[in-house]
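Student: One structure, pasted below without further comment.
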Amino acid sequence: MSTLFKKIIDGEILADIVHEDDNCLAFKDIAPQAPIHILIIPKKEIPMLSDAAEEDQKLLGILLFTANKIAKKLSIEDNFRLVINNGAKAGQSVFHLHLHLLSGRPFSWPPG
Ligand code: 5GP
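Listed below in structure tokens is the structure:
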């Protein structure tokens, strides 16, 4: 069965898309946890980071670099946080790999 994010890739569910290319898609989170909260996902269906294979190494780099590109476009390149929740116990709720790009407020450490 398709995940929610696969349906967004396929255009079956609408999202506020901020970036798209052959490898990935980025769109605004529906329940933002910061003034800027963007999800960056691979078009390839990888349920979670720990499911990535050797052959996915380049794609993982592309996802990180895409976060950089979006941050530059939004002029937040010196102030953003990336989060990957890997597995339900770590807070993952949608099982299609995604990076959370967060900015626009102070962030504390350690994360909650
Ligand atoms: P996770 O908890 O798996 O790390 O993150 C999933 C994220 O997807 C959450 O931040 C949640 O707000 C977001 N989300 C859930 N449903 C939708 C939706 O239909 N559209 C968008 N744009 N984001 C969603």
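Per the working numbering, residue -1 is the first one in the sequence shown, and the count goes up by one each step.
Idealized CB from N, CA, C, for every residue including glycine.
Remember, predicted model here, so these are calculated numbers, not experimental data.
With DSSP as the reference, identify every bridge partner of A24, one or two as the case may be.
Tutor: Against the sequence shown, residue 24 aligns to sequence position 26. Bridge partners of A24: H17 and I38.
Student: Just curious, the alpha helix (DSSP H) that I80 is in, first and last residue?
Tutor: Residue 80 sits at position 82 when you count from the first residue of the sequence shown. Note on identity: in this sequence residue 80 is Leu, with Ile being the wrong assignment. According to the DSSP assignment, L80 belongs to no alpha helix (DSSP H) but to the beta strand (DSSP E) extending over R79 to V81.
Student: What residue range is occupied by the uninterrupted alpha helix (DSSP H) comprising L61?
Tutor: Residue 61 sits at position 63 when you count from the first residue of the sequence shown. Run containing L61: Q55 to K71, per the alpha helix (DSSP H) assignment.
Student: In chain order, what residues of the same chain have a beta carbon less than 8 Å from the beta carbon of F93, not counting five sequence neighbours either side?
Tutor: Working through the sequence shown from its first residue, we reach residue 93 at position 95. Excluding residues within five positions, the ones whose Cβ falls inside 8 Å are T1, P45 and M46.
Student: Beta-carbon separation of I38 and H96 under 8 Å?
Tutor: For the purposes of this step, residue 38 is taken as the residue at position 40 of the sequence shown. For the purposes of this step, residue 96 is taken as the residue at position 98 of the sequence shown. A contact, by the Cβ cut-off of 8 Å.
Student: What are the residues that DSSP puts in a beta bridge with L97?
Tutor: Here residue 97 refers to the residue found at position 99 of the sequence shown. Answer is I38.
Student: Can you determine whether any heavy atom of the ligand 5GP sits closer than 7 Å to the C-beta of L97, and answer yes or no?
Tutor: Taking the first residue of the sequence shown as 1, we reach residue 97 at position 99. Checking the Cβ of L97 against the ligand 5GP gives no.
Student: To the nearest angstrom, how far is it from the Cα of D76 to the Cα of Q31?
Tutor: Position 78 of the sequence shown, counted from the start, is the residue given in the question as residue 76. Position 33 of the sequence shown, counted from the start, is the residue given in the question as residue 31. D76 and Q31: Cα-Cα distance of roughly 19 Å.
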